Amino acid sequence: MKVSWSVRVSTCFSMGLIVVASASCQEAELPSVEIVEPVEGAVLADANVRVVLRAGGVEIAPASDPREGTAHHHLFIDRDVTPLQDTIPAGVLGILHLGRGQTEFVLQELEPGEHRVIALLADHSHVPLDPPAADTVRFTVQR
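Each residue of the sequence shown is one higher than the one before, starting from 6 at the first, in my numbering.
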């Protein structure tokens, strides 16, 4: 089962107690991420798996760019996400920081069998966005 988190927020301007609906309402998209490749349930013959990511509602930028409204991707390979209020640790097996602003990555030499990748957006300090923007995909590398 593929799980994606995405939320839309509507903002309207009000005048006293009267809410001006259609002309003044704007829909602001909260950050979201989608794993485009591999697709959920894919059976892959190659042990080198290309992961392609798409984000919405946020600009993908290098971690060295501290601007508001930017984020970068993190991949959790065959492991659970770390606590969402904590900084995503570096140098931990199964956690990849795409800190240069990459939207694609090739997982090298995956073992045959079932795998799970979780994509999670984080700010320049490697803290997950609040609310979190994540997506999960499961696939199999053939033996």
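Glycine included, C-beta positions come from ideal geometry on N, C-alpha and C. From a predicted model like this one, the values you see are computed outputs, not experimental measurements.
beta-carbon residue i near the ligand NAP non-hydrogen atom, thresh 7 Å
i    : result
G106 : Looking for the ligand NAP in the displayed structure turns up nothing, as the structure carries no ligands at all.
Residue i to residue j span [Cα, whole Å]
i    : j    : result
L49  : V111 : 13 Å
I93  : H131 : 5 Å
I82  : A33  : 31 Å
P137 : H129 : 15 Å
A68  : G106 : 7 Å
V97  : V86  : 12 Å
V63  : A76  : 7 Å
Exposure of residue i, with buried meaning 16 or more beta-carbon neighbours within 10 Å
i    : result
D135 : exposed
C30  : Low confidence applies here, because C30 scores a pLDDT of 48, under 50, leaving its location unreliable and the question unanswered by this model.
V44  : exposed
P133 : buried
Residue i vs residue j beta-carbon contact at 8 Å
i    : j    : result
L126 : H78  : yes
N53  : Q147 : no
D140 : I65  : no
L80  : A124 : yes
V57  : E109 : yes
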